[in-house]
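What follows is a set of notes on a single structure, which appears directly below.
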Amino acid sequence: MKITYPHMGNVCIVIKALLTDLGLELVLPPPTSRRTVELGVRYSHEFACFPFKLNMGNYLEAYELGADTILMAGGVGPCRFGYYAQVQQQILEDLGVKMEMVVLEPPDVSFHEVKDKILYLIGNISWWQVFKAVRFAWSKARAIDTIEEKLLYFRPRVKEPIKLEGYFRETLKEIDEAADRREVERVVNSFLKKSEIMPQLSMKPLKVGLVGEIFTLLEPFANYDMERRLGLLGVEVTRSVWL
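Below, the structure written as structure tokens:
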């Protein structure tokens, strides 16, 4: 079983930590690109939303790299997201793409179904190991939220925002490579210290809130990297959702 999942911001770091700790083999799709869009648009329904098409492109590119299983969330939210998996599975079957879709529905919808699918993925791994893996992945999710929030705050304020972004990318890489929660905490604190001592401008930046659909907010490719564009123009950005 070679598992893949669609890109959505930096959530790949969190899912990678979780599945790796559970001993599962991962196949990361390439970074979302124009080719990803072209594949998604080509094989999706015309009326499907942009996130749906990006997901399809991610799956097909991961399939080219050897992935045979897709891990996808379900849901009963305000949009058609809860139907993505079923429609995408049908499209893949029509294309002759042999990939199994494992859909994790919210526990309040069907706890036993979620439990059965987790057991299918993890095999004989103990629930204690599952708990530790989830706790570690959650620590990485919180760490990413922390440094992203500080990046949005400091980018319009510091004199060298490009240098700050370099610190941010290094910290993301270190979070991804961290082997335990203590290491995650250490790299986050290091980023915060570096950010706070950078020379700042005297101006008070305009503050703008980004709201909307979660995928479009979290995935820079889907929103044309709006947070970065505004930040470099001297605008502090805050958003309504995080990992």
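Everything in the sequence shown is counted per the numbering used here, starting at -15 for the first residue and increasing by one. Just so you know, even glycine gets a beta-carbon here, dropped at the ideal spot from N, CA and C.
query                                                                                                                                                                          : result
Helix, strand or coil for residue 16 per DSSP?                                                                                                                                 : coil
So the candidates are 49, 114, 48, 136; which of them puts its Cα closest to the Cα of residue 5?                                                                              : 114
What does the alpha-carbon distance come out to for the pair residue 157 and residue 163?                                                                                      : 12 Å
Within the same chain, show all residues whose beta-carbon is closer than 8 Å to that of residue 88, passing over the 5 residues directly before and after it, in chain order. : 55, 56, 57, 58, 98, 101, 102
Have a look at the DSSP bridge pairing and note the partners of residue 83.                                                                                                    : DSSP, once it has assigned bridges, lists no residue as partnering residue 83.
Is it the case that the segment 0 to 19 contacts the segment 136 to 150, given that we only count it when at least three CB pairs across the two stretches are under 8 Å?      : no
For residue 184 and residue 159, what's the separation of their Cα atoms in angstroms?                                                                                         : 26 Å
Please state if the CB of residue -14 and the CB of residue 50 are separated by a distance shorter than 7 Å.                                                                   : yes
Between the Cα of residue 127 and the Cα atoms of 112, 82, 167, which residue gives the shortest distance?                                                                     : 167
How about residue -12 and residue 21: do their beta carbons lie closer than 7 Å?                                                                                               : no
Specify, as a first and last residue, the run of the beta strand (DSSP E) that residue 202 falls within.                                                                       : It is not in any beta strand (DSSP E) - residue 202 instead sits in the alpha helix (DSSP H) that spans 198 to 202.
Who are the Cβ neighbours of residue 24 in its own chain at under 6 Å, not counting the five residues just before and after it?                                                : 37, 38, 40, 41
Which residue or residues does DSSP assign as beta-bridge partners of residue 56?                                                                                              : 87
Bridge partners of residue -13, per DSSP?                                                                                                                                      : 10, 53
Which residue wins for smallest C-alpha separation from residue 165, given the options 117, 176, 76?                                                                           : 117
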